[in-house]
Amino acid sequence: MMSWSSPNFDSREGTPVSLVVLHYTGMATAEDALRRLVDPAPVAGAFPGPWQAADIDPATPLARVSSHWVVEENGRLHELVPEQHRAWHAGRGSWRGAENVNARSVGIEIANGGHDFGLPPYPEAQIVAVMGLVRDILSRHGLDGRAVIAHSDLAPGRKADPGEHFPWARLAQAGLAVHPAVPPTPRLPLASVGSQGALVARLRWKLAQIGYGVGEGDVFDEELSVVVRAVQRRIRPALIDGALDLETSALIDDFLERVGTFRS
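When the letters of the sequence shown are read in order and numbered with our numbering, they come out as residues 427 to 690.
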């Protein structure tokens with residue numbers, strides 16, 4: 427079995443770990459993803475795919491990336507970067523008002539083709555392995571399930587992973603994440619792009635309290651719709667439309683109650 431280790435990391439500069447970020451690899455195979463995550467000088471020609479233009483120069487340099495862990499479909503774990511170091515997995519984004527998520531997080535890449543490859547289901551062995559790994563990471567760093575977030579949570583305008591097939595409710599039942607649970611609620615429309623008023627202002631406040639990067643105001647704009655889609659992908663994957671309805675509102679309220687506010 428090949429041993430994988432990535433040179434793509436640097437110092438946390440004293441920042442303690444407070445988050446665990448879950449990703450999917452978004453590549454055709456786990457080996458493709460591993461090669462990408464350990465490459466010290468990646469170029470476009472080495473990693474062709476739908477994420478880049480067909481006519482791109484094969485010699486075009488790509489960003490160096492990494493993660494602390496990769497979980498293959500069969501549950502095999504690979505530690506690419508020791509957790510005391512900062513891996514380069516999160517990119518631009520924020521959570522609970524803080525940027526530079528890489529400095530304060532452990533990144534787990536779950537081998538899955540993602541949306542570019544049909545968003546295949548996560549095998550049972552893989553989910554069991556992810557749960558065990560998350561449990562160990564939380565224990566090592568003195569954290570609980572509130573610390574576990576999706577890549578799409580911190581970067582809703584850029585990312586959609588680990589996607590709507592990821593079993594957040596199952597992790598939550600094991601104390602390894604947070605997921606709301608409310609009685610069946612009708613999807614009565616409440617607000618969408620173009621709406622404004624106190625209801626929208628309150629929605630923005632709730633999402634910011636949970637941790638999403640939204641500004642203040644009372645207008646439901648396209649940017650807010652993108653964030654609502656990210657929330658729905660996490661808490662109501664059956665319908666991701668970026669609009670606020672009664673069911674989404676109830677789930678957000680319960681989500682906030684479980685996570686807890688972090689600023690007034």
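Backbone N, C-alpha and C define an ideal beta-carbon position, used for all residues, glycine too.
Item: Looking at C-alpha atoms only, which residue of V496, G641, A489 and L614 is the closest neighbour of V556?; Value: V496
Item: Rounded to whole angstroms, what is the Cα-Cα separation between G641 and L616?; Value: 20 Å
Item: What does DSSP give as the partner residues of V446 in its beta bridges?; Value: V532 and V574
Item: Would you identify the three-state DSSP class for F435, choosing helix, strand or coil?; Value: strand
Item: At which residues does the beta strand (DSSP E) containing V497 begin and terminate?; Value: W495 to V497
Item: Which same chain residues end up closer than 6 Å to P582 when comparing Cβ atoms and leaving out the 5 residues on each side of it in sequence?; Value: V652, V653 and A656
Item: Alpha carbon to alpha carbon, how far is S675 from F681? Give it in angstroms, no decimals.; Value: 10 Å
Item: Assess, as a yes-or-no matter, whether the segment 444-451 is touched by the segment 465-483 under the definition of 3 or more beta carbon pairs within less than 8 Å.; Value: no
Item: Rounded to the nearest angstrom, what separates G475 and D542 at their Cα positions?; Value: 9 Å
Item: Could you tell me whether the segment 625-640 touches the segment 510-523, using the rule of 3 or more Cβ pairs below 8 Å?; Value: yes
Item: DSSP three-state call for D671: helix, strand or coil?; Value: strand
Item: How many angstroms separate the CA atom of D483 from the CA atom of G471?; Value: 7 Å
Item: Closest by CA to S621, which one among L597, Q478, E535 and L670?; Value: L670
Item: Quick one: Cα of S690 to Cα of E439, how far?; Value: Any reading at S690 needs caution, since the residue's pLDDT is 41, under 50, leaving its predicted position unreliable; the model's value is listed next. The alpha-carbon atoms of S690 and E439 are separated by roughly 29 Å.
Item: Taking only runs that begin and end inside the segment 582-624, name each unbroken alpha helix (DSSP H) of 4 or more residues, in chain order.; Value: 594-599
Item: If you compare alpha carbons, which of P663, S492, A489 and E499 is closest to G589?; Value: P663
Item: Ends of the alpha helix (DSSP H) at A551?; Value: E550 to H567
Item: Within 10 angstroms of the Cβ of I606, are there 16 or more other Cβ atoms? Answer buried if so, exposed if not.; Value: The question names Ile, yet the displayed sequence has Pro at residue 606. Burial call: buried.
Item: Could you tell me which residues DSSP pairs with W521 in its beta bridges?; Value: A524
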